[in-house]
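Structure record follows, encoded as structure tokens.
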Amino acid sequence: MTDSSISKFFEKSRKDRLDIVANFANLSDEDLEILQNDNGGISFDKADKMIENAIGTFSLPLGVATNFKINGKDYVVPMVIEEPSVIAAASKGAKIARIKGGFEVSADESFSIGQIQMLDVDIPSAVSQIKNSSNELIQLANSKSNTLSKMGKGAKEVSCKEIDTPSGKMLIVELLIDVGDAMGANVTNTMCEAISPLIEKITGGKALLRILSNYSTRRIAKAKAVFEKEAVGGKQVVDNIISAFEFADNDVYRAVTHNKGIMNGTIAVANAVGQDSRAIEAAANAYAAQSGKYRSLSKWSKDDDGNLVGTLEIPLSVGIVGGIANVHPVAKVCTKILGASSAQELACVMTATGLAQNYSAIRALATEGIQKGHMRLHARNLAAAAGATSEQIDDIVRKMIEEKKISLDRAKELLGQI
Numbered sequence: 525m526t527d528s529s530i531s532k533f534f535e536k537s538r539k540d541r542l543d544i545v546a547n548f549a550n551l552s553d554e555d556l557e558i559l560q561n562d563n564g565g566i567s568f569d570k571a572d573k574m575i576e577n578a579i580g581t582f583s584l585p586l587g588v589a590t591n592f593k594i595n596g597k598d599y600v601v602p603m604v605i606e607e608p609s610v611i612a613a614a615s616k617g618a619k620i621a622r623i624k625g626g627f628e629v630s631a632d633e634s635f636s637i638g639q640i641q642m643l644d645v646d647i648p649s650a651v652s653q654i655k656n657s658s659n660e661l662i663q664l665a666n667s668k669s670n671t672l673s674k675m676g677k678g679a680k681e682v683s684c685k686e687i688d689t690p691s692g693k694m695l696i697v698e699l700l701i702d703v704g705d706a707m708g709a710n711v712t713n714t715m716c717e718a719i720s721p722l723i724e725k726i727t728g729g730k731a732l733l734r735i736l737s738n739y740s741t742r743r744i745a746k747a748k749a750v751f752e753k754e755a756v757g758g759k760q761v762v763d764n765i766i767s768a769f770e771f772a773d774n775d776v777y778r779a780v781t782h783n784k785g786i787m788n789g790t791i792a793v794a795n796a797v798g799q800d801s802r803a804i805e806a807a808a809n810a811y812a813a814q815s816g817k818y819r820s821l822s823k824w825s826k827d828d829d830g831n832l833v834g835t836l837e838i839p840l841s842v843g844i845v846g847g848i849a850n851v852h853p854v855a856k857v858c859t860k861i862l863g864a865s866s867a868q869e870l871a872c873v874m875t876a877t878g879l880a881q882n883y884s885a886i887r888a889l890a891t892e893g894i895q896k897g898h899m900r901l902h903a904r905n906l907a908a909a910a911g912a913t914s915e916q917i918d919d920i921v922r923k924m925i926e927e928k929k930i931s932l933d934r935a936k937e938l939l940g941q942i
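Heads up, the sequence shown is in my numbering, so the first residue is 525 and it goes up one at a time.
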């Protein structure tokens with residue numbers, strides 16, 4: 525099966541869902557066993573080797589979003605998130621985008637930026653000396669990664685910039701590195717540390733910090749989708765969504781929540797496939813403020829036919845080799861389900877998921893409000909927390925919604941009446 529448009533996937537049993545995903549992604553019996561393991565796929569022994577002072581493991585729900593068509597290819601998108609309604613919203617957004625062909629997404633090559641902070645230097649002289657020695661510095665940096673060098677990747681460029689600080693002017697040397705299909709943090713840090721002594725020798729200064737920047741402005745992903753006017757709900761709903769976007773684009777209090785909704789989609793995928801979610805969110809928030817004012821990451825408009833058009837542009841430093849994705853068994857299986865064959869393809873899927881999620885959230889806000897669907901899912905969580913069985917949950921949820929009394933106490937009262 526290569527079609528991700530799966531009817532009523534949410535109504536199917538766990539076994540049926542797994543069978544569908546296994547068929548879609550050609551999962552092995554071992555892959556399925558990992559997904560069905562109730563410890564979240566990671567033993568304490570493995571956790572103890574991953575972090576310090578380990579005392580246990582912590583699991584989050586893993587689901588899949590359906591209906592995604594990105595650059596003409598269908599995807600079942602694994603998502604790890606604790607918040608209800610997110611996966612349903614992403615799937616709904618992808619379903620509406622699919623009517624007009626799905627998402628068109630592009631991603632830059634994987635260029636990482638490393639920074640070396642130089643102190644006690646004559647800046648104009650140091651800049652000239654570093655420029656004259658750039659080939660030597662690049663060669664030294666590339667000697668630290670035979671793998672990247674063999675692929676024609678690795679360090680490509682050395683540049684300098686001057687910054688003003690309360691302590692005076694500082695020289696920052698930046699190393700641009702093509703890290704291929706890796707996120708690239710380790711190799712970037714290694715190369716920065718490797719060339720720092722030579723920069724000190726060249727300039728007579730002192731190298732202090734030598735580390736990558738997570739503000740990955742040379743790894744931008746751009747997504748676009750057209751949402752058919754009638755499927756959105758008509759001209760008035762389209763106009764309401766655009767008005768809601770303009771609110772977010774011009775008010776920082778709204779923009780933060782608006783962008784958090786985008787991250788609900790993007791970070792849920794990042795979690796599933798073992799990416800550095802903190803780096804992604806930090807970069808996205810910096811990018812939202814690049815104009816000097818914190819604004820919406822997405823943009824919404826309409827085309828000549830009145831259809832809703834959404835775009836999203838974010839920096840995304842991600843990889844399909846190295847890192848936790850090669851260590852965590854569930855992250856490995858999720859990567860297989862997603863089927864991305866390059867870091868750029870992974871970035872495309874993550875950006876499309878963020879845009880799909882943003883569409884569904886902003887549409888709900890601009891029509892019936894966010895709580896209608898969200899509270900139904902919240903009510904299910906409360907019924908479960910009250911101790912209801914799977915057979916009892918639906919009745920309790922129905923009664924709480926009818927009464928418009930959705931609380932843990934009411935769930936407990938209704939459970940007692942059953």
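By construction, the Cβ of each residue, glycine as well, lies at the ideal position given by its N, Cα and C atoms.
Residue(s) in a DSSP beta bridge with residue i
i	result
residue 602	588
residue 892	In the DSSP output, where bridge partners are listed per residue, residue 892 has none listed.
residue 839	744
residue 697	640 and 684
residue 594	597 and 627
residue 692	689
Helix, strand or coil at residue i [DSSP, three-state]
i	result
residue 702	strand
residue 862	helix
residue 829	coil
residue 869	helix
residue 853	helix
residue 846	coil
residue 686	strand
residue 822	strand
residue 750	strand
Cutoff 8 Å: residue i Cβ touching any chain B Cβ
i	result
residue 792	The displayed structure is made up of one protein chain only, and chain B is not part of it.
Local Cβ density within 10 Å of residue i, reported as buried at 16 or more and exposed below that
i	result
residue 574	exposed
residue 942	exposed
residue 777	exposed
residue 788	buried
residue 687	exposed
residue 909	exposed
residue 875	buried
residue 768	buried
residue 649	exposed
residue 705	buried
residue 678	buried
residue 813	exposed
residue 539	exposed
residue 890	buried
N-terminal and C-terminal residue of the alpha helix (DSSP H) that residue i is part of
i	result
residue 723	709-727
residue 761	759-774
residue 622	610-623
residue 645	Where residue 645 is concerned, there is no enclosing alpha helix (DSSP H), given that its DSSP letter is neither H nor E.
residue 658	658-666
Inter-residue CB distance, residue i and residue j (contact presumed, cutoff 8 Å)
i	j	result
residue 683	residue 698	5 Å
residue 581	residue 571	5 Å
residue 826	residue 766	7 Å
residue 864	residue 844	6 Å
residue 657	residue 726	5 Å
residue 939	residue 911	6 Å
residue 785	residue 885	4 Å
residue 851	residue 558	Not quite, the Cβ-Cβ distance comes to about 13 Å (not below 8 Å), so this is no contact.
residue 644	residue 730	5 Å
residue 794	residue 801	5 Å
residue 835	residue 817	Wrong, their Cβ atoms sit about 19 Å apart, outside the cutoff.
residue 751	residue 838	Not confirmed; about 19 Å, so no contact.
Terminal residues of the beta strand (DSSP E) in which residue i lies
i	result
residue 675	Residue 675 -> no beta strand (DSSP E), and no H or E assigned at all.
residue 630	627-631
residue 732	730-737
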